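A quick write-up on the structure given underneath.
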Amino acid sequence: RPMATGLHNIVGLQHAAMAIFNAWCDRTPILNLGGGGPQDAAHRRSTDWVHTALVQGNLVRDFVKYDDQPNSIEALPEALLKAYRIATAEPRGPVYVCLDTDVQEREVKSPVFVPDASQFRAPAPPAPNPEALREAGDLLAQAQWPVIVAGELGRNPEALKPLRELAEMLAAPVIDMEGRFAFPNTHPLNLSNAREQALGEADVVLGLDVPSLGVPLGPAVREREAFKPALRPGAKIIHITLLDLERQSWVSDNMWLLPVAVPIAADTLIALPQLIELCRGRLGADAKKRIDGRRAKAEAIFAEAKKRSQAWIEQSWSQKPISSARLFGEINARVKGKSWALVHAHTRRWREALDVTEAEHGIGGGRGGGVGYGLPSSIGAALGYKGSGRLCVSVLGDGDFLMTSNALWTAARYRIPLLVVVFNNRSYYNDEEHQERMARWRDRPVQNKGIGIHIAEPAPDLAAIARALSVEGFGPITEPDQLGPTLDKAIEIVRSGRPAVVDVVTQPR
Numbered sequence: 001r002p003m004a005t006g007l008h009n010i011v012g013l014q015h016a017a018m019a020i021f022n023a024w025c026d027r028t029p030i031l032n033l034g035g036g037g038p039q040d041a042a043h044r045r046s047t048d049w050v051h052t053a054l055v056q057g058n059l060v061r062d063f064v065k066y067d068d069q070p071n072s073i074e075a076l077p078e079a080l081l082k083a084y085r086i087a088t089a090e091p092r093g094p095v096y097v098c099l100d101t102d103v104q105e106r107e108v109k110s111p112v113f114v115p116d117a118s119q120f121r122a123p124a125p126p127a128p129n130p131e132a133l134r135e136a137g138d139l140l141a142q143a144q145w146p147v148i149v150a151g152e153l154g155r156n157p158e159a160l161k162p163l164r165e166l167a168e169m170l171a172a173p174v175i176d177m178e179g180r181f182a183f184p185n186t187h188p189l190n191l192s193n194a195r196e197q198a199l200g201e202a203d204v205v206l207g208l209d210v211p212s213l214g215v216p217l218g219p220a221v222r223e224r225e226a227f228k229p230a231l232r233p234g235a236k237i238i239h240i241t242l243l244d245l246e247r248q249s250w251v252s253d254n255m256w257l258l259p260v261a262v263p264i265a266a267d268t269l270i271a272l273p274q275l276i277e278l279c280r281g282r283l284g285a286d287a288k289k290r291i292d293g294r295r296a297k298a299e300a301i302f303a304e305a306k307k308r309s310q311a312w313i314e315q316s317w318s319q320k321p322i323s324s325a326r327l328f329g330e331i332n333a334r335v336k337g338k339s340w341a342l343v344h345a346h347t348r349r350w351r352e353a354l355d356v357t358e359a360e361h362g363i364g365g366g367r368g369g370g371v372g373y374g375l376p377s378s379i380g381a382a383l384g385y386k387g388s389g390r391l392c393v394s395v396l397g398d399g400d401f402l403m404t405s406n407a408l409w410t411a412a413r414y415r416i417p418l419l420v421v422v423f424n425n426r427s428y429y430n431d432e433e434h435q436e437r438m439a440r441w442r443d444r445p446v447q448n449k450g451i452g453i454h455i456a457e458p459a460p461d462l463a464a465i466a467r468a469l470s471v472e473g474f475g476p477i478t479e480p481d482q483l484g485p486t487l488d489k490a491i492e493i494v495r496s497g498r499p500a501v502v503d504v505v506t507q508p509r
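Mind the numbering: the sequence shown is residues 1 to 509 in the numbering used here, read in order.
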């Protein structure tokens with residue numbers, strides 16, 4: 001569901017620009033409302049001159065779906081209705097409406113007509129082209145090793161049931177990308193942890209709302225060289241998505257352009273049930289043996305991947321500093337079988353230690369790749385879940401936490417229950433890895449990689465920062481055996497309706 005924001009003039013809009021960009025990358029509908037200094041120069045005070053732009057929407061126009069600046073009270077209802085409609089139409093995204101100060105302060109001398117908003121809702125999403133969907137059904141029904149790549153279809157939780165039904169009917173392995181939840185990681189057809197092995201044998205790949213096919217279908221390590229897909233030559237790609245309807249060139253977050261044999265512009269929620277029926281009608285007499293063999297093979301690959309993950313967890317369980325396996329394992333022990341939501345995740349292997357089985361266990365976000373996204377977005381998500389009884393958990397990096405830690409005051413002020421666990425490796429470590437890679441390329445000293453990157457000597461007291469903002473803070477936790485009991489104390493506070501922060505000193509990854 002969309003939300004609205006109020007942004008103060010040019011300075012508020014500039015401050016919010018990164019958040020709007022993140023919403024753009026995450027396809028999140030937000031109605032941003034801003035004020036502008038008076039266009040009439042005769043009405044400006046001294047500060048108004050540097051707070052008046054021509055045109056203010058230019059600042060964010062490249063990463064909003066729509067912007068407007070109505071110049072009268074009478075024009076305002078239409079501007080807001082249009083902005084809301086565009087924001088909520090698929091693919092969704094943020095919009096911006098600017099109101100001149102003179103317009104805001106103008107006396108209303110007669111009633112302003114406000115039409116029935118229900119008559120201006122977003123259009124119903126489109127169904128798939130029947131011929132293209134039949135072609136997709138033929139390919140999937142005849143495939144020897146079809147693989148499903150699930151992208152952002154979890155934005156509609158109702159689409160997850162038909163995804164599972166299709167995967168189980170075909171015994172098709174599923175690769176769940178690291179965005180929104182799409183497929184249980186406890187399901188034996190989930191081969192996300194054996195991605196390259198699963199894709200390497202695929203003759204047909206079904207992509208569902210994948211923002212960039214090159215990410216799941218590419219190599220695990222990407223350097224600055226020619227793109228090398230993980231697929232074998234001749235593999236056919238089907239992609240069902242509405243993202244092709246976007247028209248924006250400022251940022252190419254669809255990345256590499258891959259050949260797609262059957263592109264289908266449709267809502268996956270509508271297309272998947274139809275695709276299931278088409279595939280069911282095309283499975284011939286020989287299909288059962290092929291599907292049973294495929295299922296057994298997928299289950300064997302899943303078991304091997306699970307074994308590797310378990311070995312990693314056991315090997316790193318008692319490490320100091322604390323490992324990501326221990327951190328997520330301790331969280332898993334406390335949320336398993338209960339009502340909870342993962343509103344933000346940090347590090348790359350968290351799905352190997354957490355049982356992720358429903359839509360709330362991965363709400364995605366953060367595709368913009370900036371620092372400082374995690375805490376504000378987590379508080380916003382926890383606000384949405386407030387009163388639901390779900391325990392909201394957010395795992396943040398320490399650099400991310402420091403960028404926007406003042407957001408904790410909002411959580412304290414409005415009693416937003418949220419468990420914040422800081423993965424504190426005392427570094428902007430993602431950049432540290434880049435520095436090391438560049439040093440090796442350029443034959444420079446690798447030991448310099450932490451200059452300007454490490455957050456140490458002195459290390460900030462993150463729990464004290466939380467307490468200064470009226471949020472209960474624990475840590476820094478340095479002993480692995482302290483982590484579980486500390487999480488128990490923090491969860492008790494969150495269950496009482498308040499936020500809590502646990503600072504955990506960790507391994508780099």
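The C-beta atom is built at its ideal place from N, Cα and C for all residues, glycine as well.
This one's a predicted model, so the numbers in the text were calculated from it and none came from an experiment.
- If you ignore the 5 residues before and after residue 189, its C-beta comes within less than 6 Å of the C-beta of 167, 173, 174 and 298, all in its own chain and listed in chain order.
- When the Cα atoms are used, residue 204 and residue 357 turn out to be separated by approximately 26 Å.
- Approximately 11 Å separates the beta-carbon atoms of residue 97 and residue 75; this is outside 8 Å, ruling out the contact.
- C-alpha of residue 120 to C-alpha of residue 407: approximately 35 Å in a straight line.
- Under the three-pair Cβ rule at 8 Å, the region 147-166 counts as touching the region 176-190.
- Taking all protein chains in view, the Cβ of residue 451 is surrounded by fewer than 16 other Cβ atoms within 10 Å, so the residue is classified as exposed.
- Residue 236 sits buried, since 16 or more C-beta atoms from the chains shown fall within 10 Å of its C-beta.
- Under the three-state reduction of DSSP, residue 340 is assigned to strand.
- For residue 50, the three-state secondary structure derived from DSSP is helix.
- Taking the Cα of residue 8 as reference, the smallest distance to any Cα among 248, 36 and 194 is reached at 36.
- Listed in chain order, the non-local C-beta contacts of residue 295 below 6 Å within the same chain comprise 171, local neighbours out to five positions each way being set aside.
- Contiguous beta strand (DSSP E) elements confined to the region 51-139 occur at 66-68 and 95-100, taking only those with 3 or more residues.
- Using a 10 angstroms sphere on the CB of residue 177, the tally of other CB atoms reaches 16 or more, which defines it as buried.
- Using a 10 angstroms sphere on the CB of residue 69, the tally of other CB atoms reaches 16 or more, which defines it as buried.
- Note on residue 403: 16 or more other CB atoms within 10 angstroms of its CB, so buried under the neighbour-count rule.
- Residue 150 and residue 101 have their C-alpha atoms roughly 46 Å apart.
- Residue 399 holds the alpha-carbon nearest to the alpha-carbon of residue 459 among 63, 169, 399 and 191.
- For residue 403, the enclosing alpha helix (DSSP H) covers residues 398-403.
- With a 10 Å radius around the Cβ and a threshold of 16 neighbouring Cβ atoms, residue 252 comes out exposed.
- In this model, residue 370 and residue 290 are separated by some 45 Å (Cα to Cα).
- In this structure, DSSP gives residue 386 a state outside helix and strand, which the three-state scheme calls coil.
- Under the three-state reduction of DSSP, residue 423 is assigned to strand.
- For residue 488, same chain residues with a beta-carbon under 8 Å away, outside a window of 5 residues either side, are 334 in chain order.
- Between residue 416 and residue 382 the beta-carbon gap is near 5 Å, inside 8 Å, which marks them as a contact.
- Taken through DSSP and simplified to helix, strand or coil, residue 241 comes out as strand.
- The alpha-carbon of residue 80 is positioned some 51 Å away from that of residue 313.
- Take the alpha-carbon of residue 27 and the one of residue 91: they are about 7 Å apart.
- Here residue 474 has 463, 486, 489, 490, 500, 501, 502 and 503 as same chain residues with Cβ atoms under 8 Å from its own Cβ, once five neighbours each way along the sequence are excluded.
- Here residue 502 is bridged, per DSSP, to 421 and 474.
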